[in-house]
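In what follows, a structure is listed as structure tokens, so that the remarks can point back to it.
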Amino acid sequence: MCDLVLELAGREGVVVGDRPDTDGRLARNLGWSFALVLTGIAGADDILVDPEADVVATDLAALVEETLG
Numbered sequence: 045m046c047d048l049v050l051e052l053a054g055r056e057g058v059v060v061g062d063r064p065d066t067d068g069r070l071a072r073n074l075g076w077s078f079a080l081v082l083t084g085i086a087g088a089d090d091i092l093v094d095p096e097a098d099v100v101a102t103d104l105a106a107l108v109e110e111t112l113g
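Mapping to this note's numbering: the sequence shown position 45 is 89, numbers consecutive.
Here it is in structure tokens:
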């Protein structure tokens, strides 16, 4: 799956998700950044996760505001 994603999307990207165990691992397997949003599985108590998130935001709107200003 990673090979197909890299072929279609390129070598640089960000995986946005609320599950470090799946979304974060996908990001690392792709060599991409991982942005953790705290609106689903992960909550404020889960900031120290494995793999570590590159960016943590309360929700998608906050992530967009934080990264794009």
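Cβ coordinates follow ideal geometry from the N, Cα and C atoms, glycine included. Note that the coordinates shown come from a computational prediction; the quantities given were computed from them, not determined experimentally.
| Item | Value |
| --- | --- |
| Within this structure, are the beta carbons of L80 and V93 separated by less than 8 Å? | yes |
| Looking at C-alpha atoms only, which residue of M45, D98, G113, D65 is the closest neighbour of I85? | D65 |
| Distance, Cα to Cα, D89 vs R69? | 19 Å |
| Taking only the alpha-carbon atoms, compute the straight-line gap between G54 and D103 and give it to the nearest angstrom. | 26 Å |
| Taking only the alpha-carbon atoms, compute the straight-line gap between R63 and L48 and give it to the nearest angstrom. | 21 Å |
| How should L112 be labelled, buried or exposed, when 16 other C-beta atoms within 10 angstroms of its C-beta is the threshold for buried? | exposed |
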